[in-house]
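Notes for the one structure printed next.
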Amino acid sequence: MQGTFIFFLIFYENRVQKEQELKRNNEIKFENINFYSQLIEKKNLEIQKFNHDLNNIIISINEVEESKEVQRFKRELSYISSYIKDIPFSSNKVDTHYLKNIKNPYLKNLFLNKIEVMMNKGISFNFECLKMVSEIKRVHILDLVRIIGILCDNAIEEAEKINGGFINIYIYQDNSLLEFFVENNFMNSNQLSIHKLVEPGFSTKEEHKGLGLTIIEDIIEKNKYISVNYEINNNDNIFKAILIINIS
């Protein structure tokens, strides 16, 4: 009897220890997300400051009389060259400083990841979040991450199939609604319909791996505060998904 008690005591202690380790690992991951998010925001701020400095430098250079201040002119050009080469400018119309308006670290990290994926794949994209996104209380953050992640992944998979593929991601919020827009173009050979897209088992992907939209439907069925609307323009080959959250 005593041996059984000792066995369960050891089992319980091991379980508590594992739970504590798991909790600590999650805390470390959370801290890392915050660290990298702050790092990105700091870098964006540096870029904004540099753009301001660059404008002033150009103005000052325009005022330089070549015959009198050649050395100053050369110093300014050297400063610009050394500064610019360390800044990762992108041809995409994305202001990543908009990410500072997304305070939730899980959501922010998701968008950071998707932006990085789009840049690495050479997909043209726009990202915009003009207003601060308030705390989202009526939707579990992991459900929100799953939905947005699926919408972004689907958009990336379609856009990378074609030359000139693009993705637009916009986030809007007012007093009652928070909306996420994910828009992309698709191959003109794919005549899509909303009914087919949300039909269980339907997929435009090889081996029918595209279960994303049916997963989204399962999530929103369990929460009355969220909905997803889809719009398809087969003439222009544009697909748009709008995630709507009632926050009032």
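FYI, the numbering for the sequence shown is 263 to 510, going by our numbering.
Virtual Cβ for every residue (Gly too), placed ideally from N, Cα, C.
Predicted, not measured: the structure shown is a model, and the values here were computed from it.
**Q.** Inter-stretch contact (C-beta, 8 Å, three-pair minimum) for the region 476-492 and the region 391-408
**A.** The answer is yes - the region 391-408 touches the region 476-492, with three or more Cβ pairs under 8 Å.
Q. Residue 387 bridges to which residues according to DSSP?
A. 429
Q: Quick one: using the 10 Å Cβ neighbour count with 16 as the cut-off for buried, is residue 416 buried or exposed?
A: buried
Q: Going by CA-CA distance only, name the one from 423, 479, 405 and 420 that's closest to residue 372.
A: 405
Q. Are residue 382 and residue 430 closer than 8 Å when you measure CB to CB?
A. Cβ distance not < 8 Å, so residue 382 and residue 430 don't count as in contact.
Q) Does the distance from the CB of residue 420 to the CB of residue 502 come in under 8 Å? A) no
Q | Option in 393, 504, 363 and 395 with minimal Cα separation from residue 442 | A | 504
Q) How big is the Cα-Cα spacing for residue 368 and residue 450? A) Rounded to whole angstroms, the gap between the alpha carbons of residue 368 and residue 450 is 35 Å.
Q. For residue 393, does the count of other Cβ atoms within 10 angstroms reach 16, so buried, or fall short, so exposed?
A. Classification for residue 393: exposed.
(Q) Pull the bridge partners of residue 441 from the DSSP assignment, please. (A) 434 and 506
Q. If we count the other Cβ atoms within 10 Å of its Cβ and call it buried at 16 or more, is residue 477 buried or exposed?
A. exposed
(Q) For residue 424, list the residues DSSP reports as bridge partners. (A) BP columns for residue 424 are empty, so no partner.
Q. Going straight from the alpha carbon of residue 435 to that of residue 424, what length do you get?
A. 32 Å
Q: Look at residue 507 and residue 408 and say whether their C-beta atoms are less than 8 Å apart.
A: no
Q.
So, for residue 366: in the same chain, excluding its five sequence neighbours on each side, which residues have a beta-carbon less than 8 Å away from its beta-carbon?
A. 395, 397, 398 and 403
Q: Output the boundary residues of the beta strand (DSSP E) element that contains residue 495.
A: First-last of the beta strand (DSSP E) with residue 495: 488-495.
Q. Among all the DSSP beta bridges, which residues are the ones paired with residue 447?
A. Residue 447 has 500 as its beta-bridge partners, per DSSP.
Q.
I'd like to confirm the pairing. Which residues does DSSP put opposite residue 395 in its beta bridges?
A. 364
Q | Backbone CA spacing between residue 496 and residue 277 [nearest angstrom] | A | 55 Å
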